[in-house]
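Peer 1:
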Amino acid sequence: MPSRGFIQIHFIPNRNEKHCEHGCPFCLNFIERISRLAHAKLNRMLSFCFVLLFVLVGFIPMTAAGDNAPEKENALITPMMFSEAKLPRDYPAPGPVNEVIVKTYPTHRLARVTGEVGDNSMFMRLFRHIERNDIAMTAPVEMNWSKEPAPDKAGGAESMAFLYRSTEIGSVGVDEKDNRIVVTDTVEMSVVSIGVRGSYDQKTFMRSLHALEAWLEVHPEWTRSGSPRMLAYNSPFVPWFLKYSEVQIPVSFAGKQKP
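Throughout the sequence shown, residue numbering follows numbering that gives the first Met the number 0, covering 0 to 258 in sequence.
(1) Please classify D66 as buried or exposed, where buried requires at least 16 neighbouring CB atoms within 10 angstroms.
(2) Span of the beta strand (DSSP E) holding S244?
(3) Excluding sequence positions up to five away, which residues of its chain have a Cβ less than 7 Å from the Cβ of A281?
(4) Taking only three categories from DSSP, how would you classify L208?
(5) Do you know how far the Cα of P87 is from the Cα of S165?
(6) What beta strand (DSSP E) runs, 3 residues minimum, are completely inside the stretch 134–191?
(7) My assumption, with CB atoms under 8 Å, is that V190 sits in contact with V250. Please give the rounded CB distance.
(8) Tell me which residue opens and which closes the alpha helix (DSSP H) that F122 is part of.
(9) Which value, in whole angstroms, describes the spacing of the CA atoms of K242 and L208?
(10) Using only CA atoms, which one of T77, R111 and W239 lies nearest to V173?
(11) For W239, which residues of its own chain have a beta-carbon under 6 Å away from its beta-carbon, when the five flanking residues on both sides are left out?
(12) Can you tell which of R108, Y104, P95 and S82 has its C-alpha closest to the C-alpha of G169?
(13) With three or more beta-carbon pairs closer than 8 Å as the criterion, would you say the stretch 209–226 touches the stretch 89–105?
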């Protein structure tokens with residue numbers, strides 16, 4: 000008979016619950032919890048290995064962009080890279096890493112958004128643009144930086160553009176849903192280009208730009224005719240050390256070779 004003012008609690012064990020040799024249900028339950036944690040860690044490790052294997056299997060050379068690519072460009076050895084999206088029609092294949100070459104790009108259609116340096120909304124604005132207009136994603140994504148960035152700004156691009164698969168898709172003009180996005184058709188142009196591995200940031204861009212400028216110094220037959228750009232071929236899901244891009248400067252042929 001319990002004393003007045005106290006509540007007596009009776010522990011009724013679960014018949015289905017495991018007990019240790021002393022009849023305690025907690026020992027084996029603790030061991031089971033530890034075992035479940037170990038299995039969870041093992042599953043995470045296996046998942047990581049699977050993703051790593053997937054990346055390595057996908058680390059394959061990309062083929063040429065089209066039948067009309069210049070013959071001398073088709074003859075180049077394309078870089079080992081993780082291919083995630085198709086090139087625009089008749090677009091030249093990616094160039095070799097750390098080697099400066101001259102490439103010619105045909106007319107193509109693109110949607111461009113411009114913002115301040117470090118504006119991280121540009122990619123999502125462009126993504127929503129192609130999504131609501133039912134336009135397939137292509138690679139590369141074009142990015143532009145100022146050659147002399149303000150020291151108080153982040154290292155993001157000043158403008159970004161998504162390329163359409165062909166000029167037959169959509170129409171040129173300002174996006175009715177987002178007036179910061181303008182769709183235009185480019186003109187054919189030649190560029191001096193270098194293939195790059197690493198993060199898509201201003202540091203990578205500037206290092207590659209200096210290499211191109213050094214090349215132009217000793218090749219006076221080519222003169223600069225436009226602003227530099229970066230062509231980024233991979234998504235954020237690809238590790239930084241596997242990312243591939245090209246940094247380019249538009250050029251025109253001056254016809255004067257260095258004596």
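Quick reminder that beta carbons are idealized off the backbone N, C-alpha and C, glycines included. Here the structure is a predicted model, which is why all the values come from computation and not from measurement.
Peer 2: Let me lay it out:
(1) Numbered from 1 along the sequence shown, position 67 holds the residue referred to as residue 66. Unreliable placement is indicated for D66, whose pLDDT of 35 sits below 50; no coordinate value is reported for it.
(2) As a position in the sequence shown, residue 244 is number 245, starting the count at 1. From DSSP, the beta strand (DSSP E) with S244 extends over Y243 to F252.
(3) With the chain covering 0 to 258 only, the question about residue 281 has no answer from this structure.
(4) Position 209 of the sequence shown, counted from the start, is the residue given in the question as residue 208. Note: L208 maps to helix in three-state DSSP.
(5) Residue 165 sits at position 166 when you count from the first residue of the sequence shown. Residue 87 sits at position 88 when you count from the first residue of the sequence shown. Distance between the alpha carbons of S165 and P87 is about 6 Å.
(6) 140–143, 158–162 and 180–184
(7) The sequence position of residue 190 within the sequence shown is 191, counting from 1. The sequence position of residue 250 within the sequence shown is 251, counting from 1. Right, the Cβ-Cβ distance comes to about 6 Å (below 8 Å), so this counts as a contact.
(8) In the sequence shown, residue 122 corresponds to position 123, counting from 1. Element bounds for F122: M121 to R131.
(9) Taking the first residue of the sequence shown as 1, we reach residue 242 at position 243. Taking the first residue of the sequence shown as 1, we reach residue 208 at position 209. So the alpha carbons of these two residues sit roughly 17 Å apart.
(10) For the purposes of this step, residue 173 is taken as the residue at position 174 of the sequence shown. Here the closest residue by C-alpha is R111.
(11) Here the question's residue 239 lines up with position 240 in the sequence shown. Counting only Cβ-Cβ distances below 6 Å, and skipping sequence neighbours, we find S198.
(12) On the sequence shown, residue 169 is found 170 positions in, with the first residue counted as 1. Measuring from the Cα of G169, the nearest candidate turns out to be R108.
(13) yes
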